[in-house]
Each structure stands twice: as structure tokens, then as C-alpha cells.
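To start, the structure itself, in C-alpha cells.
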């Protein structure tokens, strides 16, 4: 029995895979028209479907929205009972229906046409009611369901999903959507986090809460600069007074060691004698993931951040990366 079940499951996957493969035939001039219509949309792409096709419509809407195209799902049943008023000028309606004969969708199509909203239909046949009245139709062709009874939507919805993804990602390509754009739309996701720039991640910034002092100061003068900042980092960035470029870093740990070794004379020492010269630093336009790699490689908890001229603009701390869930501090 178990072997029979495995065989059947593999057949289901094979049927659905074949249905998806056939969708390459649906990529026609009408598909390109639909993609360019969505690209030129001045408002939102509203997706609609009933039953299982509705779930596909929701997923494609989410893909559109996360790749630069404003989109949301609209309930066809609710739309014909007043919610069609939420459709705004400039919206496009993207419908999913294998049969192309759903009453609710046809009513929504009729309302959309009366309000001059373009309608794109993904359906089995261009000759269906939906196909005949849509502005652009992308026919999937007849699809054999994987269900042993041939009834439960399975291969047909998988094929529609593949076609919907192809449409959404084609628009993404036309839009020249970049990895940086993706990070903006996915700040909380792992992929988005890995694309965050150091300048976005760092907490301590020049002119706000980052202690910066000339390397000509004494340790005591540097500490006076530090005392003016309430919430500060665990290090002071030292600069060359003439050029404004970073010349060193002086940490709380350096201060503790200095006081222990020199007692009362510690504060009179030139900070240039005790600072860490030419410290590791990172550009503000580098990825936060690069800062994480540097911290791990050099076993440091903070890295000065500089601009293209090697002038300090901030400091990124390990806690900045912990907050972004990029750095695991657990034992």
C-alpha cells in the first residue's frame, strides 16, 4: 500500500509539473501586453478569484506588491455588494478563473468595464465569457487535474500560479527592480536584512551621539568631549585635525588599561600615544553583512564608519547587528 501511495504521489507531481511546463506556450504577445499594461498602471493592480483560484490571486498580488507593483486582493463577492467603490481611478483588475464562467467574477468584470478599468484575465479558454470580455486574456489551455476524480483544482491552479508569477516577475524585470529596492520592501526578512547598508544599520552617528575628537587632545580632553554625549558608543573616534580623516580609535577598554598602568598621570597623556592607530573601518555604503563579517574576523565589537574620503560618519556596534538578527550573541 505504501508503495502504491508513493507511486500515486509521484504521478500527482508529474501531472502538475507537466501543466506548469505547458505554460511556456501561454507566453504570447498578449502576455507581453499584460505585463506592459501592469507596468504602466498609475494606481494598483487588483487581483480577484473565487475558491482555489482566489488563493492564487492573493499570492500573485503579494508577489506584485513585494517586487515594486502596488497590488491587493479584492473579493469579487464583496465587490458586487458595494465594495467595488474601493476601486480607484487608474486601477487594473487581474482575474484568475479556470472556467472563466464564475458569476461573481463576471459581475466584477462588468463593473470594472463600466468604470473603464482595464481587465486582464488568466483563464483556460479565450472563448469563455471572461476571455471574451477582458481587455487582455492569457489562456492556459485545457489542463488535466491531478485529482484522481478529476475534480479538485490542482494542476490548473498550480499552472495559474506559475503563469501569475511569470507575469509579476516579468513586470519586475521591466521595472529594473534592484536588490536595494527589494531590501526596502523586505526590511524584516532575512534577504532584506542582508541587503541593509551600514549607514542604515548604525546607531552612532557623527554630530549626534558619536564622540569624535582631534588626535592632538590629551586623554583628559577626550573624556571631556565624551561627557557631553548622554547615550554614546564604547569608543571615541580620533581624527587628524587638518584633514578630518580618521586617524585612530580609543575605546573604554583602552582607558581602563591606561588608568591601571599609569594611575594619576593617565589623563595627561596625549591620546595619540595610546589610541589604536589606523583602525579597521568600513564604508558607509557597504553592506551591514560585511560589517558582521569584519567583526567576526577581527574579533571586535565596533567598527568606525567612514565616507569615501575616509572621514568618520559613524560607528557600527555589534548590538546594531543583533537588533537586525544578523549576529548571534548566544553562547
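Residue numbers (the numbering used here): 80 to 410.
Just so you know, even glycine gets a beta-carbon here, dropped at the ideal spot from N, CA and C.
(1) Taking only the alpha-carbon atoms, compute the straight-line gap between residue 346 and residue 264 and give it to the nearest angstrom.
(2) Let me make sure I understand the geometry here. Which of 307, 390, 280, 359 has the alpha-carbon closest to that of residue 366?
(3) By how many angstroms is the C-alpha of residue 296 removed from the C-alpha of residue 408?
(4) Please classify residue 399 as buried or exposed, where buried requires at least 16 other C-beta atoms within 10 Å of its C-beta.
(5) Determine, using beta carbons only, whether residue 210 and residue 179 come nearer to each other than 8 Å.
(6) Checking 8 Å against the spacing of the C-beta atoms, do residue 141 and residue 184 come in under that value?
(7) Assuming residue 318 and residue 293 form a contact by the criterion Cβ under 8 Å, report the distance between their Cβ atoms to the nearest whole angstrom.
(8) Figure out for me which residue from 220, 216, 167 has the closest Cα to the Cα of residue 195.
(9) On the CB-based measure, 16 or more other CB atoms within 10 Å of its CB, does residue 316 come out buried or exposed?
(10) Can you say whether residue 89 is buried or exposed, counting buried as having 16 or more other CB atoms within 10 angstroms of its CB?
(11) Are at least three pairs of beta-carbons, each pair with one atom in the stretch 329 to 338 and one in the stretch 383 to 402, less than 8 Å apart?
(12) Which of the three DSSP states, helix, strand or coil, is assigned to residue 90?
(13) Once the 5 residues before and after residue 112 are set aside, which same chain residues still bring their CB inside 7 Å of it?
(14) From this set, 276, 274, 307, which residue's C-alpha is nearest residue 290's C-alpha?
(15) Quick check on DSSP: helix, strand or coil for residue 116?
(16) Check whether the Cβ atoms of residue 249 and residue 122 lie closer than 8 Å to each other.
(17) What separation, rounded to the nearest whole angstrom, lies between the Cα atoms of residue 188 and residue 130?
(18) Measure the alpha-carbon distance for residue 228 versus residue 205 and round it to whole angstroms.
Checking against the coordinates, here is how it stands:
(1) 49 Å
(2) 280
(3) Caution is warranted here: a pLDDT of 49 is assigned to residue 408, below 50, making its placement in the model unreliable, and the coordinate value is therefore given only provisionally. Cα to Cα, residue 408 sits roughly 35 Å from residue 296.
(4) buried
(5) yes
(6) no
(7) 6 Å
(8) Nearest of 220, 216, 167 to residue 195, Cα basis: 167.
(9) buried
(10) exposed
(11) No: the two stretches stay apart, fewer than three of their Cβ pairs being nearer than 8 Å.
(12) helix
(13) 215
(14) Minimum Cα distance to residue 290 is reached at 307.
(15) helix
(16) no
(17) 17 Å
(18) Taking the straight line from one Cα to the other gives about 26 Å.
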